[in-house]
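Q:
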Amino acid sequence: MAQFYLDTQDILKITGQRFFRRGVDLYKKGRVTKLTYNQMINSWQATVKGGNLYQVSIFFFEDDDLEAKCDCSAYQTHYTCKHIAAVLLAITKHNSSTTFFPEQNTTEVTDPFPLRMIDMFETEQTGLITKETQLKLHYQLKEKRHRVLKDTYYELQLKVGENQLYIVKEL
1 MAQFYLDTQD
11 ILKITGQRFF
21 RRGVDLYKKG
31 RVTKLTYNQM
41 INSWQATVKG
51 GNLYQVSIFF
61 FEDDDLEAKC
71 DCSAYQTHYT
81 CKHIAAVLLA
91 ITKHNSSTTF
101 FPEQNTTEVT
111 DPFPLRMIDM
121 FETEQTGLIT
131 KETQLKLHYQ
141 LKEKRHRVLK
151 DTYYELQLKV
161 GENQLYIVKE
171 L
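Going by the working numbering, the sequence shown opens with residue 1, and the numbers climb by one from there.
Okay, structure coming up:
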């Protein structure tokens, strides 16, 4: 089995502080199961128990790079998640006999605004569009000639609105 050296700072850089903290919580609660290694393609697979069961794949490359994938909705948006953090921690623990959670100097974010912004975009927004509205559309296409070059070009004007039409300035 190939050894991959990842310390907690590496995992923190890969997943970000928020996902890292949540991943540590999942890992410590024993939510990472079915951790398996495929030597042929240098990859790890695991299942993480959260609200649902999530499948995580971690691929290691020769240049000390890795690619991680998860089937949760956070991964679809952020390309990382707490499940990936938890599996990376499990892999590190599996490959290491050293102390796993050393004291580190990760600074806690004290300003709640960034955390609120992350929460707002992290949760799936449903029901934002409450009704469909029929819009009127008016477009005008004009053929023009350049005065000096005599080249032909086209000018498009677009107006859109419910009752009153408004000019769309930049197309």
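The C-beta atom is built at its ideal place from N, Cα and C for all residues, glycine as well.
Being a predicted model, the structure only gives us computed values, none of them experimental.
Helix, strand or coil for P102 per DSSP?
A: Confidence is the limiting factor: at P102 the pLDDT is only 42, short of 50, which leaves the residue's position unreliable, though a coordinate-based value still follows. Three-state result, P102: coil.
Q: By the DSSP assignment, the beta strand (DSSP E) with F20 in it spans what residues?
A: F20 -> not in any beta strand (DSSP E); alpha helix (DSSP H) instead, spanning 17-28.
Q: Count the other CB atoms, across all protein chains shown, that sit within 10 Å of the CB of K144; report buried if there are 16 or more and exposed otherwise.
A: It counts as exposed.
Q: My assumption, with CB atoms under 8 Å, is that L89 sits in contact with I11. Please give the rounded CB distance.
A: Indeed they touch by this definition, with Cβ atoms about 6 Å apart.
Q: For Y153, name the three-state secondary structure that DSSP assigns.
A: Three-state DSSP puts Y153 in a strand.
Q: Buried or exposed: V160, going by 16 or more other Cβ atoms within 10 Å of its Cβ?
A: It is exposed - the Cβ of V160 has fewer than 16 other Cβ atoms within 10 Å.
Q: At 3 residues or longer, and completely inside the region 62-92: list those beta strand (DSSP E) runs for me, N to C.
A: Within the region 62-92, the complete beta strand (DSSP E) runs of at least 3 residues are 66-70.
Q: Quick one: any contact between the region 43-52 and the region 13-21, if contact means 3 or more CB pairs under 8 Å?
A: Flag = no, the region 43-52 and the region 13-21 do not touch.
Q: Roughly how far, in whole angstroms, is the beta-carbon of I84 from the beta-carbon of V56, given that I think they are within contact range, below 8 Å?
A: Confirmed, Cβ separation roughly 6 Å.
Q: What's the C-alpha gap between T152 and K142?
A: The straight-line gap from Cα to Cα measures roughly 10 Å.
Q: Would DSSP call Q140 helix, strand or coil?
A: The answer is strand: DSSP assigns Q140 an E or B state.
Q: Give me, in chain order, the residues of the same chain whose beta-carbon lies closer than 8 Å to that of Q164; leave out the 5 immediate sequence neighbours on both sides.
A: Here the set comprises nothing.
Q: Just checking my contact of L26 with A86 at CB under 8 Å: how many whole Å lie between their CB atoms?
A: Sure, about 4 Å apart at Cβ, within 8 Å.
Q: Look at the Cβ atom of T92, then the Cβ atom of L6, and state whether they are nearer than 7 Å.
A: For T92 and L6, yes; Cβs fall inside 7 Å.
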